[in-house]
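For the sequence shown, the positions run 155 to 297 when my numbering is used.
Where is the CB? At the ideal position from N, CA and C, for every residue including glycine.
These notes concern the structure reproduced below.
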Amino acid sequence: MKQSSSSVQSAAVRHLEGSVTKAQGLRFAVVVARFNEIVTKLLLEGALETFRKKAGQVSKVSCILCIGAVIKGDTSHYAVVNSATSGVLSAGLNSGVPCIFGVLTCDDMDQALNRAGGKSGNKGAECALTAIEMASLFEYHLK
């Protein structure tokens, strides 16, 4: 008996979603770059405030949030971002703990500050919500 391709596809695909409201009992680690500290400190403050509002205290780390800011200048911007991305990906794959890439890639300091609590909101807080959603996905759907 031949199955239709649509029933095979629906059997093979599951739609899973994490939740930003299921943070209680999840624990988060934050790794913050020291370079461009004027920006990363603001990102960290936004992330920590979000975690304080949403999560409780437990011992096992549920997700790691990696925060940084690469601002275009004399450094080879794309090589640095590529290397950082690979490192965060490798950490997640090797540890089995989800790792969120929260590194700003900006053309100048004004753009970075706008994304670290200025006109564009705080991307640290947004990345913290992503970490909560990913941790809840792992906790409630992928165990």
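Who are the near neighbours of residue 237 in its chain, counting only those whose CB is closer than 8 Å to its CB and skipping five residues on each side? Excluding sequence neighbours, residue 237 sits near nothing in its chain.
For residue 274, which option in 196, 189, 175 has the closest C-alpha, if you only look at C-alpha atoms? Nearest C-alpha to residue 274: 196.
**Asked** What residue range is occupied by the uninterrupted beta strand (DSSP E) comprising residue 205?
**Response** If you look at residue 205, you'll find it isn't in any beta strand (DSSP E); it sits in the alpha helix (DSSP H) that goes 191-208.
* From 225, 278, 172, pick the residue whose C-alpha is nearest to that of residue 200; which is it? -> The shortest Cα separation from residue 200 among 225, 278, 172 belongs to 278.
Practice task
Give a yes or no on whether the C-beta atoms belonging to residue 289 and residue 220 are separated by under 8 Å.
Solution key: No; because the gap between Cβ atoms is not below 8 Å, this pair is not in contact.
task: From the DSSP output, in three-state form, read off residue 272 for me.
output: Three-state result, residue 272: strand.
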